[in-house]
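Under our numbering, residues 1 to 146 are what the sequence shown spells out, in order. These notes concern the structure reproduced below.
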Amino acid sequence: MRTPAAIAVVCLTLVLGIVAGLQVPPYDALGTAIADLGPVAGWRCAESGSYAYDPRRGAPDTTLVADPPEAVVRSTVAQGEVQRVEVDLRSGNAAVWSEDAAGAQHVLELAPGRLKGVSLNRGGALVQICDSHLGEWQIVGDQYLG
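See below:
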């Protein structure tokens, strides 16, 4: 027969084990990114070098991409429909795939005018994890794919 004290000890041990397993060391990139950006954006920041989305199906994660790069493409270049956006979370640059009215494909490269670096301190040196809050985009290249 189990006593209430034994059950309490087992429960306390389980809770402490779970809490210890959830704690991320402060020098860990994932823990730092999650603490800085929140769970979803932090995971994307630490675990992936790029972030891609289809603007026809939804908006980007606003923690990572503050201003959608496709808005600049739509407002400055008559390209038709934007099909895909891929943001490099390490450099901050973005590639925007679009199709013009004639069906020709374009890939435009954009650079952010504003970003926030996410980094951690390892032995006195700052190590970049990713860039976030990307915005104020400027078109720096246009590839016509035909």
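Note that the Cβ used here is the ideal one computed from N, Cα and C, for glycine as well.
Query: For serine 132, the three-state DSSP class (helix, strand or coil); Result: strand
Query: Among Val85, Ala71, Cys130, nearest to alanine 29 - alpha-carbon criterion; Result: Cys130
Query: Assigned exposure category for tyrosine 51 - 16 Cβ within 10 Å defines buried; Result: buried
Query: 6 Å Cβ shell around arginine 44 - same chain, five flanking residues per side excluded; Result: Tyr51
Query: Assigned secondary structure, leucine 145 (DSSP; H/G/I helix, E/B strand, else coil); Result: coil
Query: Proximal residues to isoleucine 34 (C-beta, below 6 Å), its chain only, five neighbours per side dropped; Result: Gly42
Query: Rounded Cβ spacing between glycine 135 and glutamate 109 (contact assumed at less than 8 Å); Result: So it is not a contact: roughly 16 Å between Cβ atoms.
Query: For arginine 84, three-class secondary structure by DSSP; Result: strand
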